[in-house]
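A.B. asks: Below: one structure in structure tokens.
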Amino acid sequence: MKTISVVSLLGTTALLTAEKGIELFEKIIELLKAHHESSPPLEKFILNFEGYEYVSSTFMNRSFGRLCVDKDWTVAKMKQHFFIENLIEDDMEDLELSILNARERSKLLAKGIDLRKHYASVYNY
Amino acid sequence: MPKVINAENLIQQKEKLPTEAFFVDTNTIVYLNDPFGESESDGLVTELNPKLSRLYNYLANHHKCYCTIEIAFEYYHHIKYGTMKNFKKLRNNIEYSDFKKLRKTDTEFHDIWNQRIRKFKRAFEKRFVLYNSHVDLEKLIISYKSENDFVDHLFYSSVISLPDQFRCILTYDEDFYNYAEDFYLLTFNPKIISLAKRDDKLYM
Numbered sequence: 077m078k079t080i081s082v083v084s085l086l087g088t089t090a091l092l093t094a095e096k097g098i099e100l101f102e103k104i105i106e107l108l109k110a111h112h113e114s115s116p117p118l119e120k121f122i123l124n125f126e127g128y129e130y131v132s133s134t135f136m137n138r139s140f141g142r143l144c145v146d147k148d149w150t151v152a153k154m155k156q157h158f159f160i161e162n163l164i165e166d167d168m169e170d171l172e173l174s175i176l177n178a179r180e181r182s183k184l185l186a187k188g189i190d191l192r193k194h195y196a197s198v199y200n201y
Numbered sequence: 013m014p015k016v017i018n019a020e021n022l023i024q025q026k027e028k029l030p031t032e033a034f035f036v037d038t039n040t041i042v043y044l045n046d047p048f049g050e051s052e053s054d055g056l057v058t059e060l061n062p063k064l065s066r067l068y069n070y071l072a073n074h075h076k077c078y079c080t081i082e083i084a085f086e087y088y089h090h091i092k093y094g095t096m097k098n099f100k101k102l103r104n105n106i107e108y109s110d111f112k113k114l115r116k117t118d119t120e121f122h123d124i125w126n127q128r129i130r131k132f133k134r135a136f137e138k139r140f141v142l143y144n145s146h147v148d149l150e151k152l153i154i155s156y157k158s159e160n161d162f163v164d165h166l167f168y169s170s171v172i173s174l175p176d177q178f179r180c181i182l183t184y185d186e187d188f189y190n191y192a193e194d195f196y197l198l199t200f201n202p203k204i205i206s207l208a209k210r211d212d213k214l215y216m
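Chains as they are written, first to last, in the numbering used here: chain Z, 77 to 201; chain D, 13 to 216.
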């Protein structure tokens, strides 16, 4: 089974920025395409987070949040397509929340809501 | 008046805070925890979320990280208000008064509420210890001025009631620059840093 080291792929143990999140998103899309197009079908791949130090919600939103909106996947559906290993429990929960948030935001956008204005009154601290 | 610490400089120069501990304001927790995924598109949150993640992880190795109960309450209210506001937009005929009913009976609401509250709890279980301050409540009310935010006043009073080695606040809120007592104000806010330079109050 193919294993991708996220730390090696992105060249950093600090998984923080939007740019790195997008880079991971693009890699996942590439892998999914390869799996979908191969004959016979390949086994599911593994995203291995071993060696990371910390991860931000920006990174999660731009990688997994965006992935699940693009594919219209729930968390459960995403897990049918690849494995995630060596992410601590708290960060796994943050990953799942990033997907819930992304799907909710997508629904708000589909209703024509300007998210900056919408959240402006919520962010008032 | 506070002495200001430029958070970017602190990390770049690998310096430590002049205090043993620091306290976080609501905006810091909100930008760091990003309960609604705003860092996906909002400029300020996208900018601050990774910076605060890096800052927190750097500081946690050297200093104690605290918060107070009024900040926790304000953050809880932020999550509750934002969650309900989203549902009002997505569903028909939802009112803020439906909160308790939705929490009990609506699976979709329950799931996302539950995840946000789990993250809320983790913030105070694992990152920012809730500090039991013993601020003089009578003095607190007497000293409160209506032009200030009451939660800010309570939070500031709690921190100022502590010994010097605890008097450091991490915030993006410019209002804290106007408080009279001596403490350290750790920030990424360029406006605060600029004011501190002007007033010769920039510590780092």
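The beta carbon of each residue, even a glycine, is placed where N, CA and C say it ideally should be.
Which residues of chain Z have a Cβ atom closer than 8 Å to the Cβ of D/S170, listed in chain order?
C.D. replies: Residue numbering aside, residue 170 of chain D sits at position 158 when the second sequence is read from its first letter. Per Cβ cutoff of 8 Å: no residues; D/S170 is ~16 Å from chain Z at best.
A.B. asks: Name, please, each residue of chain D whose Cβ falls closer than 8 Å to the Cβ of Z/Y195.
C.D. replies: Looking up residue 195 of chain Z in the first sequence gives position 119. The answer, in chain order, is F48, E50, D54, G94.
A.B. asks: Under the DSSP definition of a beta bridge, which residues are partnered with D/T199?
C.D. replies: Within the second sequence, the letter at position 187 stands for residue 199 of chain D. Beta-bridge pairing links D/T199 to D/N18.
A.B. asks: At the level of alpha carbons, what is the spacing between D/S206 and D/F167?
C.D. replies: Sequence index remark: in the second sequence, residue 206 of chain D carries index 194 (1-based). Sequence index remark: in the second sequence, residue 167 of chain D carries index 155 (1-based). When rounded, the distance between both Cα atoms is 24 Å.
A.B. asks: In chain D, which residues lie less than 7 Å from Z/S132 when you measure between Cβ atoms?
C.D. replies: For the purposes of this step, residue 132 of chain Z is identified with residue 56 of the first sequence, where counting begins at 1. Within 7 Å Cβ-Cβ: N61, P62, S65.
A.B. asks: Applying a beta-carbon distance threshold of less than 8 Å, which residues of chain D neighbour Z/G141?
C.D. replies: What you label residue 141 of chain Z is simply residue 65 of the first sequence in a count that begins at 1. Here the neighbours are G49, E52.
A.B. asks: Assign D/L29 to one of three DSSP states: helix, strand, or coil.
C.D. replies: As a first step, residue 29 of chain D must be located in the second sequence, where it is residue number 17. Residue state, collapsed to three classes: coil.
A.B. asks: In whole angstroms, give me the CA-to-CA distance for D/D110 and D/L44.
C.D. replies: Reading the second sequence from its first residue, position 98 is the one you call residue 110 of chain D. Reading the second sequence from its first residue, position 32 is the one you call residue 44 of chain D. Near 29 Å, if we compare the C-alpha coordinates of D/L44 and D/D110.
A.B. asks: Determine the DSSP secondary structure at D/V36, reduced to helix, strand or coil.
C.D. replies: Residue numbering aside, residue 36 of chain D sits at position 24 when the second sequence is read from its first letter. DSSP places D/V36 in strand when its eight states are reduced to three.
A.B. asks: By the three-class DSSP mapping on this structure, what secondary structure does Z/R192 have?
C.D. replies: Taking the first sequence and counting its residues from 1, the one referred to as residue 192 of chain Z is at position 116. Helix at Z/R192.
A.B. asks: Restricting to Cα atoms, I'd like to know which of D/E86, D/T31, D/Y93 is closest to D/I181.
C.D. replies: Residue 181 of chain D sits at position 169 when you count from the first residue of the second sequence. The residue with the shortest Cα to Cα distance from D/I181 is D/T31.
A.B. asks: In its own chain, which residues sit with a C-beta less than 8 Å from the C-beta of Z/L85, not counting the 5 before and 5 after it?
C.D. replies: Along the first sequence, read from residue 1 onward, the residue named residue 85 of chain Z stands at position 9. So the list reads E99, L100, K103, once near-sequence residues are dropped.
A.B. asks: How would you call D/D54, buried or exposed, if buried means at least 16 neighbouring beta carbons within 10 angstroms?
C.D. replies: Residue mapping note: residue 54 of chain D aligns to position 42 of the second sequence, counting from 1. It counts as buried.
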